[in-house]
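The opening position of the sequence shown corresponds to residue 0 in numbering that gives the first Met the number 0, with each subsequent residue numbered one higher. All residues carry an ideal CB built from backbone N, CA and C; glycine is no exception. Nothing here was measured: the structure is a model prediction, and the numbers come from that model.
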Amino acid sequence: MFDPTDPDFEYLAVDRKKLLREQTQTFDGKKNCWVPDDKEGFLAAEIQSTKGDEITVKLVKNNETKTFKKDDIQQMNPPKFEKIEDMANMTYLNEASVLHNLKTRYSAGLIYRPLSSSPHYVFTCLQYQTTAATPAPLAQLTPAPV
Numbered sequence: 000m001f002d003p004t005d006p007d008f009e010y011l012a013v014d015r016k017k018l019l020r021e022q023t024q025t026f027d028g029k030k031n032c033w034v035p036d037d038k039e040g041f042l043a044a045e046i047q048s049t050k051g052d053e054i055t056v057k058l059v060k061n062n063e064t065k066t067f068k069k070d071d072i073q074q075m076n077p078p079k080f081e082k083i084e085d086m087a088n089m090t091y092l093n094e095a096s097v098l099h100n101l102k103t104r105y106s107a108g109l110i111y112r113p114l115s116s117s118p119h120y121v122f123t124c125l126q127y128q129t130t131a132a133t134p135a136p137l138a139q140l141t142p143a144p145v
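Below you can see the structure in the form of structure tokens.
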């Protein structure tokens with residue numbers, strides 16, 4: 000359907016090879032999780048230990064070790080859901096997973112924006128607008144028949 004060698008391919012479809020590389024990362028559903036962060040919202044982390052109501056995690060971003068309450072931890076989806084179009088298909092439809100998916104899709108230019116995702120479409124619309132006949136002033140229009 001789409002030709003990956005076309006320079007406008009990035010606006011029309013997802014590069015499946017690149018997406019496949021991202022979706023085949025190692026993942027442990029019992030260890031990988033999301034933890035709250037004041038700056039980023041949520042950060043990816045790996046559970047190191049559990050003691051009562053507290054969980055010690057190692058942040059993926061900087062290998063820093065932190066402790067959180069069990070209720071503050073959110074489960075992470077497997078990599079096969081990375082940049083998924085229909086988020087209703089996610090295993091864990093929580094705030095952290097939705098925000099992560101939106102952020103990664105936006106960074107990759109995969110957010111649905113019909114007027115900006117295809118430069119050809121925008122150009123055609125602008126071309127039509129500039130060549131379309133200018134409507135007559137309201138005073139010159141005849142009333143509609145009754």
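Along the chain, which unbroken stretches of the beta strand (DSSP E) at least 3 residues long are found entirely within the region 18-57? 31-36 and 40-50
inquiry  = Distance check for Phe-26 and Met-89, CA to CA, integer angstroms please.
reply    = 15 angstroms
Legend entry - Given Thr-97 as reference, the closest of Arg-15, Asn-76, Asn-61 and Asp-37 once Cα atoms are compared: Residue 97 is actually Val in this sequence, not Thr. Residue Asn-76 is the option with its Cα nearest to Val-97.
Notebook entry, point to check: How is the alpha helix (DSSP H) around Thr-66 delimited, first residue to last?
Noted result: That residue, Thr-66, is in no alpha helix (DSSP H); its beta strand (DSSP E) goes 64-68.
Check: Roughly how many whole angstroms lie between the Cα atoms of Gly-51 and Arg-15?
Finding: 43 angstroms
For this session: Can you tell me which of Lys-60, Gln-47 and Asp-5 puts its alpha carbon nearest to the alpha carbon of Asp-36?
Result: Lys-60
Q) Thinking C-beta only, is Glu-45 closer than 9 angstroms to Lys-82? A) no
Checklist entry - Near Tyr-91, what residues of its chain come up, given a Cβ to Cβ distance below 6 angstroms and the 5 sequence neighbours on each side ignored? => result Gln-74 and Asn-76
(Q) What does the Cβ neighbour count give for Ile-54, buried or exposed, with the cut at 16 atoms within 10 Å? (A) buried
Would you kindly work out how many angstroms separate the C-alpha atoms of His-99 and Pro-6, rounded to a whole number? 28 angstroms
Worksheet item: In terms of alpha-carbon separation, which member of Glu-39, Leu-101, Thr-64 and Val-56 lies closest to Ile-72?
Response: Val-56
Q.
Quick check: what's the CA-CA separation for Ser-116 versus Leu-101?
A. Reliability of the predicted coordinates at Ser-116 is poor, the pLDDT of 49 falling under 50, and no value is obtained from them.
Q | Exposure of Ala-95, with buried meaning 16 or more beta-carbon neighbours within 10 Å | A | buried
**Asked** Under a three-way DSSP split, which group does Ser-116 fall into?
**Response** Unreliable placement is indicated for Ser-116, whose pLDDT of 49 sits below 50; the coordinate value is still reported in the next sentence. Three-state result, Ser-116: coil.
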